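K.L.:
Position 51, counted from 1, in the sequence shown is what the numbering used here calls 80; the numbers after and before it change by one each time, with no gaps. Got a structure for you, written out below as structure tokens; questions coming shortly.
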Amino acid sequence: METHNTDERQLLRSLEEAEVIAVRFTTIPQRLLIDLRTSEIDGPMIKVLPRARSAEERVRTLKKLRPRFKLPRKIAGVSWPRFVRSLEEQGGADAIVNQMAIVGGVPAARAAREAVDELLLLERREIYKAIKGEDYRTLWELA
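Have a look at this one:
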């Protein structure tokens, strides 16, 4: 139980303190990239992205997505070791949407909600594939 609270606190702390956050999930390979930096031209950004092969690849992706911004000093990495739907159930999704709204208004909040919905859909598809045995191998064969 304490682990869950720690995960939630880490996410909330990152949303309050970090400029850029990459959230990793255990049930899907995709990452949620949250960039809270803004300028007169650009608002905050939130994207569901494929897993990067390295930190350098993630930095290159960020530079490509946000060319008018300098690279952040640090990208906060948050591991969410439970189902994506628990992000919704535990209030993490609301925290993300609210922080995006604070930084970028209604359009940013809408983008955050769409990103969370995309993650939930990806997780449902992954669970379905696991049940059907698609892209998964069994540990034990039936006799």
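Beta carbons: idealized from backbone N, C-alpha and C, even for Gly. Computed from a predicted model, the values in this text were never measured in an experiment.
#1: In terms of residue numbering, what span does the alpha helix (DSSP H) encompassing ILE160 cover?
#2: Please classify ARG60 as buried or exposed, where buried requires at least 16 neighbouring CB atoms within 10 angstroms.
#3: Residue range of the beta strand (DSSP E) that ALA81 falls in?
#4: Which of the three DSSP states is assigned to ARG53 in this structure?
#5: Assign ARG102 to one of three DSSP states: helix, strand, or coil.
#6: Short check: CB of ALA144 to CB of VAL77, under 7 angstroms?
#7: Quick one: residues in its chain with C-beta nearer than 6 angstroms to the C-beta of TYR165, no 5 flanking neighbours on either side, listed in chain order?
#8: In whole angstroms, what is the alpha-carbon distance linking LYS93 and ARG102?
#9: Would you call the CB atoms of LEU65 and PRO73 closer than 7 angstroms?
#10: Work out the CA separation of GLU37 and GLU118 for me, nearest whole Å.
P.N.:
With the structure as the only source:
#1: Position 131 of the sequence shown, counted from the first residue, corresponds to residue 160. Segment 121 to 161, the alpha helix (DSSP H) holding ILE160.
#2: Position 31 of the sequence shown, counted from the start, is the residue given in the question as residue 60. Result: buried.
#3: Position 52 of the sequence shown, counted from the start, is the residue given in the question as residue 81. First-last for ALA81: undefined, no H or E at that position.
#4: As a working mapping, residue 53 is identified with position 24 in the sequence shown. Strand at ARG53.
#5: As a first step, residue 102 is located in the sequence shown; it is residue number 73 there, counting from the start. Looking at ARG102 - three-state DSSP - the assignment turns out to be coil, as it is neither helix nor strand.
#6: On the sequence shown, residue 144 is found 115 positions in, with the first residue counted as 1. On the sequence shown, residue 77 is found 48 positions in, with the first residue counted as 1. Contact: yes.
#7: Counted from its first residue, the sequence shown places residue 165 at position 136. Once the five neighbours on either side are set aside, the close Cβ partners of TYR165 are ALA159.
#8: The residue given as residue 93 occupies position 64 in the sequence shown. The residue given as residue 102 occupies position 73 in the sequence shown. Straight-line Cα distance between these residues: approximately 16 angstroms.
#9: Residue 65 sits at position 36 when you count from the first residue of the sequence shown. Residue 73 sits at position 44 when you count from the first residue of the sequence shown. Yes, the pair counts as a contact, with Cβ atoms nearer than the cut-off.
#10: Against the sequence shown, residue 118 aligns to sequence position 89. Against the sequence shown, residue 37 aligns to sequence position 8. Their Cα atoms are separated by approximately 11 angstroms.
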